[in-house]
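Note sheet for the following structure.
Given below as structure tokens:
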């Protein structure tokens, strides 16, 4: 899994806390005492240089799961997108059993696909913010709802379901987690 903002590292933390061997890929010049590093090994790699990219290709080619915490298109620009490992467009992938977890704020298609966002954006757009308690205005719930629950936890759920499917089919898959859409899921239960 790659270091990033809260949802990706939190997903890795849940997996590590439950027995997974998680390797966190950090930038060469970064250090972190973040509690989300707990239970993970760490390696510093620059994916923008050929030697770093080669190391990552080798690592991901033998991994069970990779978690992409970046904005849409970053891993593709680095030459590490899901098609490299899972195959497609007439070529075999380097690791067709890979579960490729991706966490983004908004769906990868549609009007917000290139927009940066934060927890407050996702819960506001979904309508969940208006449901929170507060006097005259809702109380902001830190980044617990969309980032941790809607991003990290939902990604882990998708990864676990993909692992079950891989046990049946032998094939990996992409697990797309869009925090804005995850925040809408409870509202889909209520139909007029």
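Residue numbers (my numbering): 2 to 193.
Beta carbons are placed, not taken as given, at the ideal position from N, Cα and C, and that holds for glycine.
Keep in mind the model is a prediction, meaning the values are calculated, not measured.
{"Asked": "Bridge partners of residue 102, per DSSP?", "Found": "68 and 176"}
{"Asked": "Take residue 13 and list the residues in its own chain whose beta-carbon comes closer than 7 angstroms to its own, dropping the five residues that flank it on each side.", "Found": "2, 23, 25, 41 and 68"}
{"Asked": "Do the CB positions of residue 95 and residue 57 come within less than 8 angstroms of each other?", "Found": "no"}
{"Asked": "So the alpha helix (DSSP H) residue 109 belongs to, where does it begin and stop?", "Found": "Residue 109 -> no alpha helix (DSSP H), and no H or E assigned at all."}
{"Asked": "Less than 6 angstroms between C-beta atoms, sequence neighbours within five positions excluded: which residues of the same chain meet that for residue 102?", "Found": "68, 156, 160 and 176"}
{"Asked": "Which of the three DSSP states, helix, strand or coil, is assigned to residue 121?", "Found": "helix"}
{"Asked": "Would you mind reading off the limits of the beta strand (DSSP E) that contains residue 43?", "Found": "42–45"}
{"Asked": "Please name the residue, chosen from 128, 92, 147 and 110, that lies closest to residue 118 on a Cα-to-Cα basis.", "Found": "147"}
{"Asked": "Taking C-alpha atoms, which residue in 83, 8, 78 and 48 lies nearest to residue 174?", "Found": "83"}
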